[in-house]
Amino acid sequence: MIRIHDSHAWHQRPSSPVDATAAPTAVLDLLTVGEPPMVDGLQAHWQLLGCDAPTETATCPWTGQPYRRPMLDDASRFALQAEPLLARVDAVIARPASPKVTLLGPVSLLSLCAEARPGGDRLRLLPRLLDVYEALLTRLAARGVTWVQLDEPLLSQPLSPAWQQALREAYGRLGRVDQPLLMAAGALPDEDNLALACELPVAGLQVDADAPALPQLARRLPRERELSLELSRASAPLALAREIRALRGGRIWLAQPPGAAAAAQLGALRRALWREDVRPCR
Numbered sequence: 004m005i006r007i008h009d010s011h012a013w014h015q016r017p018s019s020p021v022d023a024t025a026a027p028t029a030v031l032d033l034l035t036v037g038e039p040p041m042v043d044g045l046q047a048h049w050q051l052l053g054c055d056a057p058t059e060t061a062t063c064p065w066t067g068q069p070y071r072r073p074m075l076d077d078a079s080r081f082a083l084q085a086e087p088l089l090a091r092v093d094a095v096i097a098r099p100a101s102p103k104v105t106l107l108g109p110v111s112l113l114s115l116c117a118e119a120r121p122g123g124d125r126l127r128l129l130p131r132l133l134d135v136y137e138a139l140l141t142r143l144a145a146r147g148v149t150w151v152q153l154d155e156p157l158l159s160q161p162l163s164p165a166w167q168q169a170l171r172e173a174y175g176r177l178g179r180v181d182q183p184l185l186m187a188a189g190a191l192p193d194e195d196n197l198a199l200a201c202e203l204p205v206a207g208l209q210v211d212a213d214a215p216a217l218p219q220l221a222r223r224l225p226r227e228r229e230l231s232l233e234l235s236r237a238s239a240p241l242a243l244a245r246e247i248r249a250l251r252g253g254r255i256w257l258a259q260p261p262g263a264a265a266a267a268q269l270g271a272l273r274r275a276l277w278r279e280d281v282r283p284c285r
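All the letters of the sequence shown, read from the start, carry residue numbers 4 to 285 under the numbering used here.
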């Protein structure tokens with residue numbers, strides 16, 4: 004009923020990358036395999052998805068850091084290059100451990116690209132990008148990967164109707180793959196984003212604990228879906244976890260940022276929640 008997993012936070016300023024295959028398993032219920040957060044991770048994603056396009060220097064809208072932005076046009080192609088990632092997944096499975104693969108979601112990834120020509124529309128490339136995401140999810144499911152987390156920090160800002168529809172199209176298609184998806188949405192800024200996040204056909208949703216509409220989200224998200232909280236900026240994490248767990252019928256996931264202090268905090272929080280669940284026999 005209480006699960007802790009480590010999570011890359013694409014919408015925040017990144018910490019030092021963590022080697023998932025060397026992470027401790029004593030506290031974590033799911034062991035994450037993925038790319039490093041931001042700058043280096045973006046380049047790894049371009050390579051993973053076989054994006055061979057010219058680039059320019061740009062500033063990431065979520066971290067303020069410079070990165071190399073691909074310039075796409077109608078001739079741009081993607082070709083899955085998954086072997087390095089799959090080798091790391093196999094290393095985690097061999098430990099043995101329950102693996103969770105974390106990647107930047109397809110719509111946010113596409114939003115970080117630019118049009119090579121004036122008047123271009125990179126959203127026309129979404130079906131091609133989904134081809135490689137679907138192929139990757141299929142290969143991960145065949146390996147028995149427990150969860151795949153797709154980070155969509157685009158949901159942390161207001162969206163135009165075109166980008167809302169892109170998210171519906173992407174997850175309507177990826178949701179048909181027999182692979183549980185946890186979508187990390189950051190902070191949902193308005194009612195439109197909250198409604199969209201509840202609508203998308205994913206098995207779980209992760210949000211920041213400081214999202215203003217968090218209690219409303221906990222009530223509206225379908226009960227069969229998991230809700231994961233990133234508590235690093237919460238002022239009263241235990242009280243908040245109690246409230247959300249009660250609203251979700253006793254189930255809650257907690258996302259652990261990198262670092263020993265975060266691990267110790269969440270370990271203590273889970274022990275406190277567990278003690279509240281235990282009732283002495285009379």
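Built from N, CA and C at the ideal position, the CB exists for glycine as well.
- Using DSSP with H/G/I as helix, E/B as strand and the rest coil, what is Gln160? coil
- Would you kindly check if the distance between the Cβ of Leu197 and the Cβ of Ala169 is under 8 Å? no
- Message: Quick check on the DSSP output: the beta strand (DSSP E) that includes Thr60 runs from which residue to which?
- Response: Thr58 to Thr62
- Task: Give the straight-line distance between the Cα atoms of Val2 and Leu153, rounded to the nearest whole angstrom.
- Result: What is shown of the chain runs 4 to 285, which leaves residue 2 out entirely.
- Complete beta strand (DSSP E) runs within the region 179-223 (minimum length 3 residues, chain order): 184-189 and 207-211
- Query: Would Leu276 pass as a contact of Ile5 if the rule is Cβ separation under 8 Å?
  - Reply: yes
- Task: Check whether the region 85-96 touches the region 62-74, counting contact only when three or more Cβ pairs, one atom from each stretch, lie closer than 8 Å.
- Result: no
- Item | Inter-stretch contact (C-beta, 8 Å, three-pair minimum) for the region 186-197 and the region 216-225 | yes
- Host beta strand (DSSP E) of Pro69 (start-end): Pro69 to Leu75
- Which listed residue (Val210, Ala212 and Ser79) has its alpha carbon closest to that of Leu128: Ser79
- Query: Taking Ser331 as the reference, which of Gly122, Leu126 and Leu269 has the closest Cα?
  - Reply: With the chain covering only 4 through 285, there is no way to say anything about residue 331.
- Message: Which same chain residues end up closer than 8 Å to Pro161 when comparing Cβ atoms and leaving out the 5 residues on each side of it in sequence?
- Response: Pro192, Asp193, Asp195 and Asn196
- Message: Buried or exposed for Arg236, going by 16 or more other Cβ atoms inside 10 Å?
- Response: exposed
- Query: If you draw a straight line from the alpha carbon of Leu34 to that of Ala61, how long is it in whole angstroms?
  - Reply: 32 Å
- Message: I need the DSSP call for Leu243, collapsed to helix, strand or coil.
- Response: helix
- Helix or strand or just coil, what does DSSP make of Asp32? coil
- Using the C-alpha atoms, what's the distance from Leu203 back to Tyr174? 6 Å
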